[in-house]
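Chains as they are written, first to last, in my numbering: chain A, 19 to 130; chain X, 183 to 295. Each remark here refers to the structure printed beneath this line.
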Amino acid sequence: LAKTTQPISMDSYEGQEVNITCSHNNIATNDYITWYQQFPSQGPRFIIQGYKTKVTNEVASLFIPADRKSSTLSLPRVSLSDTAVYYCLVGGYMNRDDKIIFGKGTRLHILP
Amino acid sequence: DSGVTQTPKHLITATGQRVTLRCSPRSGDLSVYWYQQSLDQGLQFLIQYYNGEERAKGNILERFSAQQFPDLHSELNLSSLELGDSALYFCASSGGGVAKGYTFGSGTRLTVV
Numbered sequence: 019l020a021k022t023t024q025p026i027s028m029d030s031y032e033g034q035e036v037n038i039t040c041s042h043n044n045i046a047t048n049d050y051i052t053w054y055q056q057f058p059s060q061g062p063r064f065i066i067q068g069y070k071t072k073v074t075n076e077v078a079s080l081f082i083p084a085d086r087k088s089s090t091l092s093l094p095r096v097s098l099s100d101t102a103v104y105y106c107l108v109g110g111y112m113n114r115d116d117k118i119i120f121g122k123g124t125r126l127h128i129l130p
Numbered sequence: 183d184s185g186v187t188q189t190p191k192h193l194i195t196a197t198g199q200r201v202t203l204r205c206s207p208r209s210g211d212l213s214v215y216w217y218q219q220s221l222d223q224g225l226q227f228l229i230q231y232y233n234g235e236e237r238a239k240g241n242i243l244e245r246f247s248a249q250q251f252p253d254l255h256s257e258l259n260l261s262s263l264e265l266g267d268s269a270l271y272f273c274a275s276s277g278g279g280v281a282k283g284y285t286f287g288s289g290t291r292l293t294v295v
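Dropping the structure here:
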């Protein structure tokens, strides 16, 4: 499983666009990039997944450059309820030794 | 409702005791993963089962054990409990690894007193 590096924390204000970047230099050819959101005392929740270029859904956009060594989660017009920890996960379909390691994530704090 | 069911939601027990946490995966998912999350800490991977067999192990203590039954539900057994075992324990299920995504349950909050 590719190791990921994210900022430990970020602050932003309501109504702003927030971009969280994840580095994954040793991403493999068959790896996908997935982002999860976790609120306090709740299990992580799937936000978005991509393989290359750009993916957009009703919640966020995911930008992946051609070399795929990084990815950026973009949250448009954030609100206070977007305050959460965001995890970047990189991996493919299930392998034999599939230790799914969530890093420390990025603690996003939205200010009024 | 994520489709992954964890019981009980809360558990308070004394040091030295043994508890069992239960997880029912989302329908069709063969893999179950257990995680421990202490206060303000990240998710610590404990163990994974796939269709009844242990598939991967993380930093799971010897006092902890797990199994997955033929109906695919899983149980995490924690014994000789210590104060430091107090945490949220999450179960997740998947149909095929990262690329298929993980669905998490709402967790069991264990308090050891």
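Glycine included, each C-beta is placed from N, C-alpha and C at the ideal position.
- Considered as a whole, the region 252-292 of chain X harbours 256-260, 269-276 as its complete beta strand (DSSP E) runs of no fewer than 3 residues, in chain order.
- Between residue 183 of chain X and residue 275 of chain X, the C-beta spacing is not below 8 Å.
- Close partners of residue 34 of chain A in chain X (Cβ separation under 9 Å) are lacking, with about 25 Å as the shortest Cβ gap.
- Within the region 222-243 of chain X, the residues whose Cβ lies closer than 8 Å to any Cβ of chain A are, in chain order, 224, 225, 227, 230, 232, 237, 238, 239, 240.
- By the Cβ-count criterion, residue 206 of chain X is buried, with 16 or more other Cβ atoms from all chains shown falling within 10 Å of its own Cβ.
- The bridge partners DSSP lists for residue 39 of chain A are A:90.
- Three or more beta-carbon pairs separated by less than 8 Å link the region 90-105 of chain A to the region 119-127 of chain A, which places the two stretches in contact.
- Remark: C-beta atoms of residue 50 of chain A and residue 69 of chain A approach each other more closely than 8 Å.
- DSSP links residue 100 of chain A through a beta bridge to no other residue.
- Between residue 190 of chain X and residue 84 of chain A, the alpha-carbon positions lie close to 45 Å from each other.
- Think of a sphere of 8 Å around the beta carbon of residue 196 of chain X: no beta carbon from chain A falls inside it, the nearest being about 23 Å out.
- Under a criterion of Cβ atoms nearer than 8 Å, the residues of chain X adjacent to residue 64 of chain A are, in order, 283, 284, 285.
- Listed in chain order, the positions of the region 30-57 of chain A with a beta carbon within less than 7 Å of a beta carbon of chain X are 50, 52.
- Separation of the CB atoms of residue 227 of chain X and residue 118 of chain A is rounded to 6 Å, and the pair is thereby assigned contact status at 8 Å.
- Counting along the chain, residue 238 of chain X sits inside the beta strand (DSSP E) bounded by residues 235-239.
- In its chain, beyond the 5 residues on either side, 33 have a beta carbon closer than 6 Å to the beta carbon of residue 95 of chain A.
- Ranking A:23, A:73, A:127, A:65 by CA distance to the CA of residue 98 of chain A puts A:127 first.
- Per DSSP, residue 29 of chain A is one residue of the beta strand (DSSP E) stretching across 27-31.
- In summary, residue 197 of chain X is exposed, with fewer than 16 beta-carbon neighbours lying within 10 Å of its beta-carbon over all protein chains present.
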